[in-house]
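Student: Structure provided below as structure tokens; questions to follow.
Residue numbers (the working numbering): 200 to 937.
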């Protein structure tokens, strides 16, 4: 099933959920990224999923609702945070107390996309009144989220928050309809105390973030297509989320919008029962509660509010797997759909109730529908190379406080990573420091490596340090340049369980490249070296970033995978020492830019293509002036530039290829300083032909004035060349803005 067909299929199940009710004090929009408020009434919205009757027990639903018209009764699932502000106090404090009730005057409606002909409202969209039937806590997911937050947070300042960055816990602004209301200050302060107390408690916030609301609605459709459950979620697998961001602000523009991405990671990491999925997918406020599908339209789970890092505002999109939800509500929901025949059969006659989608299928010999994996965003056929590349990615920690990623280069335990992990002061970053167990994990700032005002002078300063020497008997050693580093440890993930090894520094580049080499002290069995592609990647080609971004080492995660495309290849003139390696090429790629997300901790990770071959080494992303990370604007060193390192990795005896990387290279340095290259030195003045001047009453025409300007310019260049410099070169170098 290609992407258009998957999107068309997903629209069958996606709805917009709206809750509105009295709110004279304007408090119910608190913690929500957007809302509508008018005349003492607040309206909130989120997304939801229309459940087919194959995923729940219809007889139980009839008993809960006590409705005679059970044949038209359908269930809708959404996030509980949407309806919680409108619950009565009794049911807010005790969710297990019978059928949940809303405050008087509150109402829940859902918008459904359907083909209802002339009677349709809003071009195939129609509102239906719904009823709140059940609030469901998902313990396995809330505990996973709580442990994840507590393991990643060392302090309140460097910790995590739940929800969108647009959401606020502050008192909302007062419009003209509110000015007549006298606020009860005591009630406001008490409410704020409860909200702030809840937001600082990881257990309560994790439980609230993963809580699900189940609604009932009298709705008659022509029949939803059959749906299947994706049994196993692997990193890198395709995801499609359907929802309505900012839905109530304008349903016409936002209803049933689509976002695609992939599974970045799973929690617990090495368990077949997934409690929580981290999705590499760009979602907007209001999409929480929407369904998430995998390849072939298989249901993965429900989107919930993201996890957001306080220091960088980086968001981790969370998906609650269907299996976890069904297990938490086993009295009503089913883990597997009730399908009479073996296999999953799509109702091709009614693939979408708006319009029939075209399903690309062919019937196999067993009679089941088979789908073509022919779409660009359907990675199932190419996941094996990516999974193999993951085994070559390692986690590196320095003094148990700083962490980054690395790539295994050979079976002898040689690892390439970024030099700013070991010498951050060279790159304008905070100095590496040791940390006790009570200290917060130190997050390396993932900004441009050469972004400060010193520009080219930094290279001269960094070249003072000695070049590492190889000792034939005792291996590799480096003179003291670490200023108190105590421990460099590497976690190798190619085996289960993974292996921790001590490591030592082999090489730190003193040239313009942010690269370093480490060597593990003991070589484990079955160590897998990364496969490499030295050719220049084409624009728009698939790119996967693999590394240990955002989440602290003690979370126990395997490397995360973020997918995107090659957005830009920055070229530079080839240095002389590369010409023998790449004969016949005058320019080579000096920098890669991808749309795949790169987060703090991902430095030193791999950028691989669809074949699982290394095409670049992650070095940095960018930040806004206020410090907010821009994860989808990132920079990597192409594999072609790293060719001397791979030469050295063959036998690790000849250091001459590495010495070439230490040579000054102004053009390469200017690329990584994010500044335009300097103007070349002028050649001999041009011998321009003398223009034919016209004497028109001793008045100079346009041609004569231009010729005079050229003559004066040539004379100026000639005088400047005699003094050995050009005036343009004396201007100060402007620092990069990134």
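Backbone N, C-alpha and C define an ideal beta-carbon position, used for all residues, glycine too.
Quick check on DSSP: helix, strand or coil for residue 839?
Tutor: Of the three classes helix, strand and coil, the one that applies to residue 839 here is coil, per DSSP.
Student: Could you give the C-beta distance for residue 950 and residue 595, rounded to a whole number, given that I count them as a contact under 8 Å?
Tutor: Residue numbering for the chain in the displayed model covers 200 to 937; residue 950 lies beyond these limits and cannot be assessed.
Student: Quick one: using the 10 Å Cβ neighbour count with 16 as the cut-off for buried, is residue 432 buried or exposed?
Tutor: By the 10 Å Cβ count, residue 432 comes out buried.
Student: Alpha carbon to alpha carbon, how far is residue 508 from residue 522?
Tutor: In a straight line, the C-alpha of residue 508 is about 27 Å away from that of residue 522.
Student: Quick check: the Cα distance between residue 601 and residue 620, rounded to an integer number of angstroms?
Tutor: For residue 601 and residue 620, the distance between alpha carbons rounds to 8 Å.
Student: For residue 616 and residue 803, what's the separation of their Cα atoms in angstroms?
Tutor: For residue 616 and residue 803, the distance between alpha carbons rounds to 4 Å.
Student: Helix, strand or coil for residue 359 per DSSP?
Tutor: Three-state result, residue 359: strand.
Student: Secondary structure at residue 618, three-state DSSP: helix, strand or coil?
Tutor: Note: residue 618 maps to helix in three-state DSSP.
Student: Using C-beta distances below 6 Å, list every residue in its chain close to residue 527, excluding the 5 sequence neighbours before and after it, in chain order.
Tutor: Cβ within range, chain order: 335, 337.
Student: Please confirm if the segment 420-430 is in contact with the segment 491-498, defined as three or more CB-CB distances below 8 Å between the two stretches.
Tutor: Because the criterion of three Cβ pairs below 8 Å is met, the segment 420-430 and the segment 491-498 touch.
Student: Does DSSP put residue 212 in a helix, a strand or coil?
Tutor: The answer is coil: DSSP assigns residue 212 none of H, G, I, E or B.
Student: Over the uninterrupted beta strand (DSSP E) stretch that includes residue 407, give me the two end residues.
Tutor: That residue, residue 407, is in no beta strand (DSSP E); its alpha helix (DSSP H) goes 401-409.
Student: Give me the DSSP bridge partner(s) of residue 417.
Tutor: Answer by DSSP bridge pairing, in chain order: 272.
Student: Can you give, in chain order, each stretch of the beta strand (DSSP E) that sits fully within the segment 702-762 and has at least 3 residues?
Tutor: Runs found: 715-719, 741-746.
Student: Is the beta carbon of residue 827 less than 8 Å from the beta carbon of residue 511?
Tutor: Yes, they are a contact pair.
Student: Assign residue 406 to buried or exposed, taking buried as 16 or more other Cβ atoms, counted over all protein chains shown, within 10 Å of its Cβ.
Tutor: Flag for residue 406 reads buried.
Student: Take residue 242 and list the residues in its own chain whose beta-carbon comes closer than 6 Å to its own, dropping the five residues that flank it on each side.
Tutor: For residue 242, where only same-chain residues beyond five positions count, the Cβ hits under 6 Å are 219, 235, 447.
Student: Out of 289, 442, 717, 212, point me to the one whose CA is closest to residue 707's CA.
Tutor: It is 717 whose Cα lies nearest to the Cα of residue 707.
Student: Would you say the segment 799-815 touches the segment 729-748, given that touching needs at least three Cβ pairs under 8 Å?
Tutor: Short answer: they touch.
Student: What residue range does the alpha helix (DSSP H) around residue 812 cover?
Tutor: Where residue 812 is concerned, there is no enclosing alpha helix (DSSP H), given that its DSSP letter is neither H nor E.
Student: What is the C-beta distance between residue 301 and residue 331, in whole angstroms, given that I count them as a contact (C-beta under 8 Å)?
Tutor: The Cβ separation is near 6 Å, so the contact holds.
Student: Is residue 792 near residue 833, with beta carbons less than 8 Å apart?
Tutor: In contact: residue 792 and residue 833 (Cβ atoms closer than 8 Å).
Student: Given a cut-off of 8 Å, decide if residue 440 and residue 760 are closer than it, judged by their beta-carbon atoms.
Tutor: Contact flag unset, no.
Student: Where does residue 494 fall in DSSP's three states?
Tutor: Residue state, collapsed to three classes: helix.
Student: Taking residue 796 as the reference, give the member of 251, 307, 691, 516 with the closest Cα.
Tutor: Comparing Cα-Cα distances from residue 796 to each of 251, 307, 691, 516, the minimum goes to 516.
Student: Identify the continuous alpha helix (DSSP H) that holds residue 341 and give its terminal residues.
Tutor: Segment 338-351, the alpha helix (DSSP H) holding residue 341.
Student: Determine the extent of the beta strand (DSSP E) in which residue 697 is found, giving its start and end residues.
Tutor: Element bounds for residue 697: n/a, residue is neither H nor E.
Student: Quick check: what's the CA-CA separation for residue 325 versus residue 738?
Tutor: Taking the straight line from one Cα to the other gives about 43 Å.
Student: Quick one: give me the first and last residue of the beta strand (DSSP E) that residue 306 is part of.
Tutor: Taken as a continuous stretch (DSSP letters only), the beta strand (DSSP E) holding residue 306 covers 306-312.
Student: Any idea if residue 537 is buried or exposed, counting beta-carbon neighbours within 10 angstroms, 16 or more meaning buried?
Tutor: The residue in question, residue 537, is exposed, as its Cβ has fewer than 16 Cβ neighbours within 10 Å.
Student: Classify residue 237 as helix, strand or coil using the three-state DSSP reduction.
Tutor: Residue 237 falls in the strand class under three-state DSSP.
Student: Determine the direct distance from the alpha carbon of residue 744 to that of residue 705, and round the result to whole angstroms.
Tutor: Whole-angstrom Cα-Cα distance: 25 Å.
Student: I'd like to know if the segment 452-461 and the segment 480-494 are in contact, where contact means that at least 3 CB-CB pairs between them fall below 8 Å.
Tutor: Yes, since at least three Cβ pairs between the segment 452-461 and the segment 480-494 fall closer than 8 Å, the two stretches touch.
Student: Using a Cβ-Cβ cut-off of 8 Å (strictly less than) and excluding sequence neighbours within five positions of residue 329, which residues of its own chain qualify?
Tutor: Cβ within range, chain order: 216, 275, 307, 308, 309, 414, 415, 416.
Student: For residue 422, count the other beta carbons within 10 Å of its own beta carbon; 16 or more makes it buried, fewer makes it exposed. Which is it?
Tutor: Result: exposed.
Student: When the Cα atoms are used, what is the spatial distance from residue 626 to residue 836?
Tutor: Going by the C-alpha atoms only, they are around 16 Å apart.
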